[in-house]
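Colleague: Here it is: the structure, laid out below.
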Amino acid sequence: MRDYLLFVDTETSGIPQDWNKPYSSRDNWPHIAQLAWVVYTRDGQEVKAENHYVLASDYDMSPASTTIHGLTPEFLRENGRPRHEVMRRLYDDLLQYKPLVVAHFMQLDYHMMGVGFYRAGLDNPVSELPTFCTLITSSRFMQHSRQPPRGLRLGELHERLFDEPLAREHDALTDAYATARCFFALWQRGDINEQIIRAQRPLSEPGKSVSRRWRPSLPHFIVLLALAALVALLFFF
11 MRDYLLFVDT ETSGIPQDWN KPYSSRDNWP HIAQLAWVVY TRDGQEVKAE
61 NHYVLASDYD MSPASTTIHG LTPEFLRENG RPRHEVMRRL YDDLLQYKPL
111 VVAHFMQLDY HMMGVGFYRA GLDNPVSELP TFCTLITSSR FMQHSRQPPR
161 GLRLGELHER LFDEPLAREH DALTDAYATA RCFFALWQRG DINEQIIRAQ
211 RPLSEPGKSV SRRWRPSLPH FIVLLALAAL VALLFFF
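According to my numbering, the stretch in the sequence shown is residues 11 to 247, in order.
See the structure below:
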């Protein structure tokens, strides 16, 4: 595991219509209304926390989303900050700490960060960093259940681990802290380890290959050279 972990959560204006469309497809991808992240050391010491509302200057909020997180366009116009400013702060922290990025339902948060960086005119550092989804790993709690296999919602996982409800669920900062608390509890229990982290399938921007490509180690490189020499000998002789 890396020296730092960054736990992130986004509250959005809606949901993606098609997960495979490029970030440039404006009408396909919703907007970040609230973005929060908390940085920890690998031994569970909090380093910093950030919580920002994003100015709703160029998008509408779906009524269904407002029902979930309670954010309205009026509130965001009064309390939000420019998108570029918020995404730049996250960009700087990702470059500084080079963390393992953790979220509950990482698929959504990964792409919302990617879309946010694209709309802010910034490179996407998340595409070069390892990620981990606590929603995926929580599905093991349902293995012996009579219900169909699924991951636990963050509030369900929190209550399962700590026997207490999660207050103010769907507030990005609350959810980022709760994800961190659940992650470290699962780590201490042995339900998360280095192997499980590495085993999760890497995410990538739609239309692009996963950045963590295989690179030959020295023994592999020697084997490749030997094979190339053998092919050359067969060709000429």
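Every residue, glycine too, gets a C-beta built ideally from N, C-alpha and C.
Going straight from the alpha carbon of residue 137 to that of residue 32, what length do you get?
Modeller: Rounded to whole angstroms, residue 137 to residue 32 spans 14 angstroms at the Cα level.
Colleague: Out of 97, 192, 187 and 193, state which residue places its alpha-carbon closest to the alpha-carbon of residue 123.
Modeller: If we check each option's Cα against that of residue 123, 97 comes out closest.
Colleague: Any beta carbon from chain D within less than 8 angstroms of residue 15's own beta carbon?
Modeller: The chain labelled as chain D is not found in the depicted structure, where only one protein chain is given.
Colleague: Excluding five sequence neighbours on each side, which residues of the same chain lie with their C-beta closer than 6 angstroms to the C-beta of residue 79?
Modeller: Within the same chain, residue 79 has close Cβ partners 21 and 180.
Colleague: Who are the Cβ neighbours of residue 131 in its own chain at under 8 angstroms, not counting the five residues just before and after it?
Modeller: Closer than 8 angstroms at Cβ, skipping near neighbours: 94.
Colleague: I'd like the list of long-range same chain contacts for residue 167, defined as Cβ closer than 6 angstroms, with 5 residues on each side in sequence excluded.
Modeller: Hits under 6 angstroms: 148 and 192.
Colleague: Give a yes or no on whether the C-beta atoms belonging to residue 164 and residue 141 are separated by under 8 angstroms.
Modeller: Cβ atoms of residue 164 and residue 141: not closer than 8 angstroms.
Colleague: Residue ranges of each alpha helix (DSSP H) run of no fewer than 4 residues wholly in the segment 103 to 173, ordered along the chain?
Modeller: Counting only runs of 4 or more, we get 116 to 130, 144 to 148 and 164 to 172.
Colleague: How should residue 185 be labelled, buried or exposed, when 16 other C-beta atoms within 10 angstroms of its C-beta is the threshold for buried?
Modeller: By the neighbour-count rule (16 or more Cβ atoms within 10 Å), residue 185 is buried.
Colleague: Since residue 115 and residue 145 should fall inside the 8 angstroms C-beta cutoff, what is the C-beta to C-beta distance between them, to a whole number of angstroms?
Modeller: Indeed they touch by this definition, with Cβ atoms about 5 angstroms apart.
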